[in-house]
Ligand SMILES: Nc1nc2c(ncn2[C@@H]2O[C@H](COP(=O)(O)OP(=O)(O)OP(=O)(O)O)[C@@H](O)[C@H]2O)c(=O)[nH]1
Ligand SMILES: Nc1nc2c(ncn2[C@@H]2O[C@H](COP(=O)(O)OP(=O)(O)OP(=O)(O)O)[C@@H](O)[C@H]2O)c(=O)[nH]1
Ligand SMILES: [Mg+2]
Ligand SMILES: [Mg+2]
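And the structure:
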């Protein structure tokens with residue numbers, strides 16, 4: 001009984017349930033529970049603080065975290081992910097952050113498909129005090145990308161944030177469109193620091209792993225944003241996602257306001273997953 | 276998928292006269308794995324496996340010449356039973372003016388689904404009016420307006436108004452004035468732990484008394500699905516839910532979880548970003564998708 005500060009077989013079952021309920025997935029949850037069980041057998045230390053320490057350590061080892069490292073010259077941050085995860089909102093938050101750091105920032109509305117997507121990004125641009133490069137709705141996202149890169153180079157932009165349309169990763173044509181955007185960036189800004197950010201919704205279950213793997217194939221993920229971490233969902237799938245892609249979680253979206261963006265804190269995150 | 280895994284287990288039974296407890300255990304492990312991978316709620320999986328285990332020890336399976344296939348059949352039937360035994364028609368108001376409200380977490384597809392519903396009703400000969408009471412998300416009203424124009428359905432928006440309740444009441448008046456028979460109300464996405472936003476939701480509901488309250492659920496949602504559904508249900512008494520983004524490869528286990536734990540029926544499914552991507556749901560198709 002864990003309430004006596006002792007772990008036993010029942011608490012180990014509970015542990016697996018807690019981890020699965022946090023969306024860690026069956027494989028990670030079983031792995032973590034067996035690491036704990038092995039340690040308990042080896043050390044004979046069943047005290048709660050010891051066991052949770054082992055658990056936290058193993059989780060921390062599975063999780064990769066990091067920071068976006070901006071470099072001199074043009075930095076292109078490519079916002080990608082499936083529909084509705086928080087790309088546009090995060091673009092606005094990032095623009096605000098870098099603007100306040102004294103960087104010259106530009107937003108580009110490469111989602112030319114969804115109703116009012118451009119309008120939405122323009123509002124964020126106004127809020128952040130950052131210009132938004134946009135074409136008309138229905139324009140070619142590749143053309144918007146191209147123009148945004150030319151404008152960024154011409155104006156000496158430090159950070160160009162390219163907001164793209166949500167796309168389900170099993171849609172070949174949409175993933176090909178993303179690959180094309182990526183090629184254009186490589187061709188038009190070969191010396192730029194390109195940072196591809198996958199935005200995941202923290203409420204997502206095991207499908208997040210499939211999303212990450214598919215996006216990594218077309219756009220080399222450099223970092224992951226866990227958006228909507230201010231809800232009930234723990235985002236435990238991040239363990240499996242970073243294991244599968246080696247991409248670090250770099251940011252946490254903690255709300256719908258422009259300041260609700262924080263550097264991802266792996267220790268805090270792991271602690272929230274613990275019983 | 277699961278069927279082949281279960282048949283593999285029982286193929287090696289050839290020559291054996293009956294399933295052993297270990298055989299059943301092995302099969303249940305595969306079933307549990309498949310359902311958890313599909314994001315079915317932990318507790319729901321536990322109960323489901325217990326039910327199926329019991330059935331698998333019954334006469335029919337024991338006497339069968341193909342016990343593996345019997346178990347597959349039991350699993351499928353049980354899933355369809357849970358998913359499908361429901362009235363999936365939308366409520367219609369006896370007053371002749373039906374109000375449908377859409378709720379859900381952020382980004383699940385409420386606004387897009389509102390337009391899909393409007394188009395469906397229009398094709399059925401109804402006269403819908405679309406309104407957005409999302410006073411929070413940037414360009415939310417505009418998004419709904421653009422969609423409404425695409426499908427040639429009237430819309431009522433107040434982009435500068437800060438009170439969702441006010442817009443909702445005005446939309447009701449607008450709908451009646453235009454001789455519409457249905458008002459579709461698109462609300463802002465919200466977290467169920469955001470008490471202020473949940474209060475807003477309750478206020479809107481109290482103000483316009485919706486005929487049909489629909490929870491919009493993203494197919495890729497994980498283990499929190501049941502808690503979310505319960506929270507919305509307790510706040511606003513959900514009549515049905517619509518699962519979106521089923522054109523992806525998320526298994527959609529949340530549908531089973533929500534249905535099992537709340538009894539709320541699935542009314543429709545959304546299968547794409549275009550307004551036409553909207554269908555009645557088929558329990559057998561969703562069951563085989565969840566099983567993988
Ligand atoms: N609570 C909360 N809501 C968020 C967060 N990030 C985004 N949202 C909300 O999620 C919804 C979708 O956000 P968007 O920025 O439009 O998502 P998107 O990925 O750009 O969507 P598409 O472009 O349609 O694919 C909006 O209602 C946002 O306000 C977050 O960190 N916390
Ligand atoms: N592929 C696919 N995309 C969908 C589906 N339904 C909605 N979407 C997309 O999901 C994203 C979010 O849709 P919205 O309608 O803005 O979602 P919402 O619930 O109104 O979002 P908030 O108002 O911010 O909470 C958009 O990119 C939509 O095009 C669907 O069935 N399939
Ligand atoms: Mg967007
Ligand atoms: Mg909306």
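Protein chains in written order, with the numbering used here: chain A, 1 to 275; chain B, 276 to 567.
Even glycine gets a Cβ: it sits at the ideal position worked out from N, Cα and C.
Quick caveat: nothing in here was measured; it's all calculated off a predicted structure.
Does the beta-carbon of residue 417 of chain B, which I'm using as the reference point, lie nearer than 6 Å to any heavy atom of ligand 1? As a working note, residue 417 of chain B is residue 142 in the second chain. Checking every heavy atom of ligand 1 against the Cβ of residue 417 of chain B, none is found closer than 6 Å.
At what residues does the beta strand (DSSP E) containing residue 488 of chain B begin and finish? Within the second chain, numbered from 1, the residue matching residue 488 of chain B stands at position 213. In the DSSP assignment, residue 488 of chain B falls within the unbroken beta strand (DSSP E) covering 487 to 493.
To the nearest angstrom, how far is it from the Cα of residue 300 of chain B to the Cα of residue 326 of chain B? Here residue 300 of chain B is taken as the residue at index 25 of the second chain, counted from 1. Here residue 326 of chain B is taken as the residue at index 51 of the second chain, counted from 1. Residue 300 of chain B and residue 326 of chain B: Cα-Cα distance of roughly 13 Å.
In angstroms, rounded to a whole number, what distance separates the CA positions of residue 552 of chain B and residue 237 of chain A? Taking the second chain and counting its residues from 1, the one referred to as residue 552 of chain B is at position 277. Taking the first chain and counting its residues from 1, the one referred to as residue 237 of chain A is at position 237. Each residue's alpha carbon lies about 29 Å from the other.
Check whether residue 601 of chain B and residue 462 of chain B have beta carbons under 7 Å apart: Residue coverage of chain B in this structure runs from 276 to 567, which leaves residue 601 of chain B outside it and unanswerable.
Just how far apart, CA to CA, sit residue 406 of chain B and residue 431 of chain B? Against the second chain, residue 406 of chain B aligns to sequence position 131. Against the second chain, residue 431 of chain B aligns to sequence position 156. Going from the Cα of residue 406 of chain B to the Cα of residue 431 of chain B covers about 5 Å.
Using the Cα positions of residue 451 of chain B and residue 426 of chain B, report the straight-line distance between them to the nearest angstrom. Position 176 of the second chain, counted from the first residue, corresponds to residue 451 of chain B. Position 151 of the second chain, counted from the first residue, corresponds to residue 426 of chain B. Going by the C-alpha atoms only, they are around 20 Å apart.
Name, please, each residue of chain B whose Cβ falls closer than 8 Å to the Cβ of residue 20 of chain A. As a working mapping, residue 20 of chain A is identified with position 20 in the first chain. The CB of residue 20 of chain A comes closer than 8 Å to the CB of 311, 317, 498 in chain B, given here in chain order.
For residue 85 of chain A, is the beta carbon positioned less than 6 Å from some heavy atom of ligand 1? One-based indexing of the first chain puts residue 85 of chain A at position 85. It does: the Cβ of residue 85 of chain A is within 6 Å (strictly closer) of some heavy atom of ligand 1.
Under 8 Å, CB to CB, which of the residues in the region 514 to 529 of chain B have a partner in chain A? Along the region 514 to 529 of chain B, the positions whose C-beta sits under 8 Å from a C-beta of chain A are 520, 522, 523, 524, 525, 526, 528, 529, read in chain order.
Interface residues of chain B facing residue 233 of chain A [CB-CB closer than 7 Å]: On the first chain, position 233 is the one that residue 233 of chain A refers to. Per Cβ cutoff of 7 Å: 497, 499.
Length of the line joining the Cα atoms of residue 98 of chain A and residue 213 of chain A: Position 98 of the first chain, counted from the first residue, corresponds to residue 98 of chain A. Position 213 of the first chain, counted from the first residue, corresponds to residue 213 of chain A. Between the alpha carbons of residue 98 of chain A and residue 213 of chain A lies a gap of roughly 29 Å.
At a Cβ cut of 7 Å, what residues of the region 381 to 415 of chain B count as close to chain A, listed as they run along the chain? Residues 381, 382, 383, 384, 411, 413, 414.
At the level of alpha carbons, what is the spacing between residue 114 of chain A and residue 37 of chain A? As a working mapping, residue 114 of chain A is identified with position 114 in the first chain. As a working mapping, residue 37 of chain A is identified with position 37 in the first chain. Between residue 114 of chain A and residue 37 of chain A, the C-alpha separation is close to 49 Å.
Just reading off the alpha helix (DSSP H) that residue 242 of chain A is part of, what are its end residues? Start at 1 with the first residue of the first chain, and residue 242 of chain A comes out as number 242. 237 to 245 is the span of the alpha helix (DSSP H), which, as asked, contains residue 242 of chain A.
Residue 342 of chain B burial status per 10 Å Cβ neighbour count (16 or more: buried): The residue given as residue 342 of chain B occupies position 67 in the second chain. Answer is buried; the Cβ neighbour count reaches 16.
Taking its Cβ as the centre, do 16 or more other Cβ atoms sit within 10 Å of residue 190 of chain A, making it buried, or is it exposed? Taking the first residue of the first chain as position 1, residue 190 of chain A is located at position 190. Result: exposed.
According to DSSP, residues forming a beta bridge with residue 193 of chain A: Within the first chain, residue 193 of chain A is the residue found at index 193, counting from 1. In the DSSP secondary-structure assignment, residue 193 of chain A is bridged to A:75.
DSSP beta-bridge partners for residue 204 of chain A? As a position in the first chain, residue 204 of chain A is number 204, starting the count at 1. Per DSSP, B:496.
Are the C-beta of residue 474 of chain B and some C-beta of chain A separated by less than 7 Å? The residue given as residue 474 of chain B occupies position 199 in the second chain. No, residue 474 of chain B lies away from the interface with chain A (no Cβ there is under 7 Å from its Cβ).
For the beta strand (DSSP E) containing residue 223 of chain A, name the first residue and the last one. Taking the first chain and counting its residues from 1, the one referred to as residue 223 of chain A is at position 223. Residue 223 of chain A -> beta strand (DSSP E) spans 223 to 227.
Determine whether the Cβ of residue 303 of chain B lies closer than 7 Å to any Cβ atom of chain A. On the second chain, residue 303 of chain B is found 28 positions in, with the first residue counted as 1. Not one chain A Cβ lies under 7 Å of residue 303 of chain B.
How big is the Cα-Cα spacing for residue 400 of chain B and residue 203 of chain A? Counting from 1 along the second chain, the entry for residue 400 of chain B is found at position 125. Counting from 1 along the first chain, the entry for residue 203 of chain A is found at position 203. If you draw a straight line from the Cα of residue 400 of chain B to the Cα of residue 203 of chain A, it comes to about 38 Å.
Enclosing alpha helix (DSSP H) for residue 16 of chain A [first to last residue]: Start at 1 with the first residue of the first chain, and residue 16 of chain A comes out as number 16. Taken as a continuous stretch (DSSP letters only), the alpha helix (DSSP H) holding residue 16 of chain A covers 9 to 21.
I'd like to check one pair, residue 403 of chain B with residue 416 of chain B: are the Cβ atoms closer than 7 Å? For the purposes of this step, residue 416 of chain B is identified with residue 141 of the second chain, where counting begins at 1. For the purposes of this step, residue 403 of chain B is identified with residue 128 of the second chain, where counting begins at 1. Using a Cβ distance threshold of 7 Å, residue 416 of chain B and residue 403 of chain B do not count as a contacting pair.
Would residue 508 of chain B count as contacting chain A if we go by Cβ distances under 7 Å? Indexing the second chain from 1 puts residue 508 of chain B at position 233. By this cut-off, residue 508 of chain B is not an interface position.
I need the straight-line Cα distance from residue 184 of chain A to residue 192 of chain A, nearest angstrom please. Sequence index remark: in the first chain, residue 184 of chain A carries index 184 (1-based). Sequence index remark: in the first chain, residue 192 of chain A carries index 192 (1-based). For residue 184 of chain A and residue 192 of chain A, the distance between alpha carbons rounds to 12 Å.
DSSP beta-bridge partners of residue 403 of chain B: Position 128 of the second chain holds residue 403 of chain B. According to DSSP, residue pairing for residue 403 of chain B in a beta bridge involves B:457.
Is it buried or exposed, residue 1 of chain A, if we count other Cβ atoms within 10 angstroms and call 16 or more buried? Stepping through the first chain from its first residue, residue 1 of chain A is reached at position 1. For residue 1 of chain A, the predicted model reports a pLDDT of 47, less than 50, meaning its position is unreliable; a value from the coordinates is still stated below. That one is exposed.
Taking 7 Å as the threshold (beta carbon to beta carbon), is residue 314 of chain B in contact with chain E? Absent from the structure: chain E. Protein chains present are A and B.
Taking just the CA atoms, how far does residue 211 of chain A sit from residue 252 of chain A? For this step, residue 252 of chain A is matched to residue 252 along the first chain. For this step, residue 211 of chain A is matched to residue 211 along the first chain. Each residue's alpha carbon lies about 18 Å from the other.
Are the beta-carbon atoms belonging to residue 26 of chain A and residue 311 of chain B less than 7 Å from one another? Position 26 of the first chain, counted from the first residue, corresponds to residue 26 of chain A. Position 36 of the second chain, counted from the first residue, corresponds to residue 311 of chain B. Yes; because the gap between Cβ atoms is below 7 Å, this pair is in contact.
Does the distance from the CB of residue 510 of chain B to the CB of residue 539 of chain B come in under 7 Å? Your numbering for residue 510 of chain B matches position 235 in the second chain. Your numbering for residue 539 of chain B matches position 264 in the second chain. No, the Cβ-Cβ distance between residue 510 of chain B and residue 539 of chain B is not below 7 Å.
Report yes if the CB atom of residue 387 of chain B is closer than 7 Å to the CB atom of residue 419 of chain B, and no otherwise. Position 112 of the second chain, counted from the first residue, corresponds to residue 387 of chain B. Position 144 of the second chain, counted from the first residue, corresponds to residue 419 of chain B. Contact flag unset, no.
I want to verify the contact list: residues of chain B whose CB lies under 7 Å from the CB of residue 55 of chain A, in sequence order. The residue given as residue 55 of chain A occupies position 55 in the first chain. Near residue 55 of chain A there are no residues of chain B at all, since even the closest Cβ is about 18 Å away, more than 7 Å.
Using only alpha-carbon positions, find the residue among B:459, B:555, B:444, B:440 that is nearest to residue 423 of chain B. Here residue 423 of chain B is taken as the residue at index 148 of the second chain, counted from 1. Nearest option by C-alpha distance: B:459.
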